[in-house]
Structures are given as structure tokens and as C-alpha cells.
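Number of protein chains: 2
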Amino acid sequence: MTRQNCSHSCSTYHQAIEFIGKRWMGMIIYTLITGPKRYHEIHSMIPGISDRLLTDRLNELVEAGLVYKKFIDSSIKKVEYGLTPNGLAFQDVIKAIQQWIDLCGFEKLKTES
Amino acid sequence: MTRQNCSHSCSTYHQAIEFIGKRWMGMIIYTLITGPKRYHEIHSMIPGISDRLLTDRLNELVEAGLVYKKFIDSSIKKVEYGLTPNGLAFQDVIKAIQQWIDLCGFEKLKTES
DNA sequence: ACTTTAACTTACTAATGGTAAGGTTCTTTC
DNA sequence: GAAAGAACCTTACCATTAGTAAGTTAAAGT
Chain R
1 MTRQNCSHSC STYHQAIEFI GKRWMGMIIY TLITGPKRYH EIHSMIPGIS DRLLTDRLNE
61 LVEAGLVYKK FIDSSIKKVE YGLTPNGLAF QDVIKAIQQW IDLCGFEKLK TES
Chain V
1 MTRQNCSHSC STYHQAIEFI GKRWMGMIIY TLITGPKRYH EIHSMIPGIS DRLLTDRLNE
61 LVEAGLVYKK FIDSSIKKVE YGLTPNGLAF QDVIKAIQQW IDLCGFEKLK TES
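Chains R and V supply the protein sequences, listed in that same order.
Residues in the first sequence are numbered from 1 upward in steps of one, following UniProt numbering.
Residues in the second sequence are numbered from 1 upward in steps of one, following UniProt numbering.
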């Protein structure tokens with residue numbers, strides 16, 4: 001019994017889904033699944049994201065231990081971001097979401113307006 | 001080739017995760033997994049949510065086809081919300097998130113401040 | 001040395017979320 | 001059967017978060 005009543009308290013699930021559901025969070029992790037990237041690479045792979053939010057979200061991910069930040073050649077202007085083991089494990093969640101999309105045809109549902 | 005370059009375009013994934021990541025969305029679906037509920041039941045099961053947001057989110061879920069809304073005894077004041085098959089299929093995503101939490105110990109990471 | 005680029009940072013505006021009050025329509029209670 | 005209360009919203013207003021645009025600093029190219 002190292003955990004609460006169930007194997008994962010519902011408030012932990014709540015925290016987790018609110019965290020990974022923050023705007024752009026899912027896309028940033030998704031981008032890094034294919035390997036570590038530099039700031040501007042991530043930026044160019046996610047159309048619409050702003051400098052500020054990309055910086056914010058990356059910092060939050062680093063703080064949560066899902067992403068590491070590495071200065072290449074110890075230069076402040078060469079930064080690499082990549083997934084930690086915990087971040088990589090998120091792949092299974094992405095797969096589950098993609099399977100769910102395939103199953104329910106989400107794109108059709110959200111053809112907005 | 002009914003779909004795009006990959007089996008699910010990354011923009012569809014983006015749309016999907018931004019939708020399910022909206023505030024309270026994850027919790028509302030989670031609550032309904034155990035069976036259909038009335039408005040006030042859902043409300044009491046999610047501490048902190050406001051009337052307005054619960055109404056908004058439920059409407060969005062109904063519009064997206066993940067939740068149905070049923071008037072009991074054709075009364076406007078007796079409403080039941082439940083998951084449609086597409087909503088129920090979301091269980092697998094929840095399971096994946098819970099497994100990921102168990103694996104990476106998310107609760108420890110987010111002991112804030 | 002001069003310009004460009006990477007990686008932020010800051011200031012300001014727009015959108016979204018939270019709070020609180022009110023408004024019907026039903027049910028309950030006397 | 002009238003009054004009170006609960007269910008399910010709706011509206012108005014304030015707070016927080018996100019988006020936009022401009023500026024900053026350090027290194028790298030020319």
C-alpha cells in the first residue's frame with residue numbers, strides 16, 4: 001500500500017491531465033519523441049506557437065522532469081531539448097490517443113463552425 | 001489511403017489533445033466512465049469546478065459526440081449525461097495516462113512550490 | 001566591425017477561466 | 001395549493017492565462 005485507496009488517486013490523475021493538457025504541451029512532447037531538438041527546430045515544427053509560450057512550456061517540462069535541457073559546447077546560444085526516460089514513457093499515452101482518434105474519427109467531429 | 005501521410009495527421013492529434021486537455025475535460029470524462037450521471041452528481045464529484053464551466057464543457061462534449069444528454073421523464077430539470085461509444089473508448093487513454101503516472105511517479109514531480 | 005541568428009525577455013492586448021448572483025422550472029413539504 | 005428549496009443553467013464581472021510584437025544578449029558568419 002504505497003499509494004492511496006486506488007492505485008492512483010483521482011487527484012493525481014487530475015493534476016497529470018491538467019498538466020499535459022496545457023496548451024502546446026502535447027505537441028511539444030510529440031515533437032521530441034523523434035529525438036532531441038534545438039529550440040528553433042521545435043519552434044519551426046509547431047506552427048502557431050509563440051516564442052514566449054514555447055519557452056514557458058519547455059521550462060515547465062524541464063521542471064517536471066520530462067525534458068532535459070543541455071547547452072551544446074557549453075554555449076548559452078546552443079541549446080538542446082530532449083525527453084528524459086519519464087518523457088519518453090509518454091509515448092504510450094500518445095499512441096493511445098492516436099488509436100482513440102482512429103477509432104472515433106475525431107477529425108470529423110471537430111470540423112468546427 | 002483514406003488519411004494523410006501518416007495514419008493520423010499530426011494536426012488532428014494536436015486538435016484532439018488540445019480538446020481533451022481543456023480545463024476539467026479530463027475529469028468530466030473520468031467521472032462518467034463509471035456510468036451516466038446527473039448534473040449535480042458530476043458537480044459534486046469534481047471539487048472546484050464551477051457551474052458555468054461544467055455546463056460549457058458538457059456542451060462541448062455533447063457537441064463533439066463523446067457525451068449524450070438525456071432528459072429524464074422529458075423534464076427540463078432532470079438531466080442525465082453519459083458517455084457515447086466514442087466517449088467510452090477514451091478509457092484506454094485514461095488507462096495509458098494512469099500507467100504513465102505509476103511509471104514516472106508524477107505526484108512527486110508536481111508537489112508544487 | 002557589421003549583420004544575422006538563436007534563445008530568450010518584457011510589455012501589452014485578447015481570450016479563457018473563476019466567482020457570484022440571478023432566473024426558471026420542477027419537486028417537496030406543510 | 002402555496003411556499004420553499006433544489007436542479008440546471010445564464011449573465012455579468014473580475015482574474016488568470018495566452019497571443020503578439022518588440023527588444024535583448026551572446027555567439028557565429030562574412
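Beta carbons are placed, not taken as given, at the ideal position from N, Cα and C, and that holds for glycine.
Bear in mind the structure is a predicted one, so any value in this text is a computation, not a measurement.
Chain R within 7 Å of residue i, Cβ atoms only
i: Phe106 of chain V; result: yes
i: Asn86 of chain V; result: yes
i: Gly26 of chain V; result: yes
i: Ile101 of chain V; result: yes
i: Ile29 of chain V; result: no
i: Ile49 of chain V; result: no
i: Ile72 of chain V; result: no
i: Ile76 of chain V; result: no
Residues that DSSP places opposite residue i in a beta bridge
i: Phe71 of chain R; result: R:Val79
i: Arg38 of chain R; result: R:Glu80
Any C-beta of chain V under 7 Å from that of residue i
i: Asp92 of chain R; result: yes
i: His14 of chain R; result: yes
i: Ile42 of chain R; result: no
i: Ile33 of chain R; result: no
i: Gly21 of chain R; result: yes
Whole-number beta carbon distance between residue j and residue i, since they are thought to touch under 8 Å
i: Leu103 of chain R; j: Ala89 of chain V; result: 5 Å
i: Ile46 of chain V; j: Ile28 of chain V; result: 7 Å
i: Val67 of chain V; j: Tyr81 of chain V; result: 6 Å
i: Lys22 of chain V; j: Gly21 of chain R; result: 7 Å
Extent of the continuous alpha helix (DSSP H) run through residue i
i: Pro85 of chain V; result: Pro85 to Leu88
i: Ala64 of chain V; result: Here Ala64 of chain V belongs to no alpha helix (DSSP H), and DSSP marks it neither H nor E.
i: Trp100 of chain R; result: Gln91 to Cys104
i: Ser11 of chain R; result: Cys10 to Ile20
i: Ile28 of chain V; result: Met25 to Ile33
Near the ligand MN: residue i beta-carbon under 6 Å from a heavy atom
i: Glu80 of chain V; result: The ligand MN is not part of the structure shown, which contains no ligands of any sort.
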